[in-house]
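Reviewing the structure listed below.
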Amino acid sequence: MKKNLIFAVLLSVLIAGCANTGSRSNVSSGSQAESSTPPSTNVRIEIDESQIAEAEAAVRDALKDPDSANFRDLHGISVAEDGPLMAVCGEVNAKNSYGGYIGYNRFAYTAGDVYLWQKTRRMNVDNSIVEFTCDL
113 MKKNLIFAVL LSVLIAGCAN TGSRSNVSSG SQAESSTPPS TNVRIEIDES QIAEAEAAVR
173 DALKDPDSAN FRDLHGISVA EDGPLMAVCG EVNAKNSYGG YIGYNRFAYT AGDVYLWQKT
233 RRMNVDNSIV EFTCDL
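With our numbering, letter number 16 in the sequence shown gets 128, and the count goes up by one each step, no holes.
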């Protein structure tokens, strides 16, 4: 009985020591964190059929089953309203190696390169490029 009481007290002390008191002065508030992030300068622009066809062909080349690709929400990205096309962004759904559709995933096509969104918990360069390029 005495051992159980000592164990309970020690456990309580350990748990209390792990609690976040919120008294750290170096933790920034939400408004400060938001102000340090630069606003996005990307602008969504209309693109013509030849630009859409070029982006779709490049994305198809990067897929395991190019003939199964379905596209949606294709649009251009520029750094200014009347600026040059920087990238084509959109979503693609295609079959995987097992013949099943994987669901719509984002992509970015820029400067002849395709960046496909990958569902992963780890840091991924393609995902970072898609976010940086396509998020408005």
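Even glycine gets a Cβ: it sits at the ideal position worked out from N, Cα and C.
- In the DSSP annotation of this structure, residue 193 is not part of any beta strand (DSSP E), being labelled neither H nor E.
- DSSP, reduced to helix, strand and coil, places residue 157 within a strand of the structure shown.
- Scanning 247, 216, 164 for the CA closest to the CA of residue 208 turns up 216.
- Apart from sequence neighbours up to five positions away, the residues of its chain that approach residue 193 with a beta-carbon distance below 6 Å are 155, ordered along the chain.
- Contact between the region 174–188 and the region 196–205 is present: three or more C-beta pairs spanning the two stretches fall below 8 Å.
- With a contact defined as Cβ atoms closer than 8 Å, residue 226 and residue 174 qualify at about 5 Å.
- For residue 222, the enclosing beta strand (DSSP E) starts and ends at 217–222.
- In this structure, 197 is the residue among 222, 170, 179, 197 with its C-alpha nearest to the C-alpha of residue 160.
- Collapsing the DSSP output to three states places residue 181 in coil.
- Under DSSP, residue 203 forms a beta bridge with 184, 218.
- Burial check for residue 218: the Cβ neighbour count within 10 Å reaches 16 or more, so the residue is buried.
- Per the coordinates, the alpha-carbon of residue 223 lies some 10 Å from the alpha-carbon of residue 167.
- Note on geometry: alpha-carbon atoms of residue 176 and residue 157 lie some 29 Å from one another.
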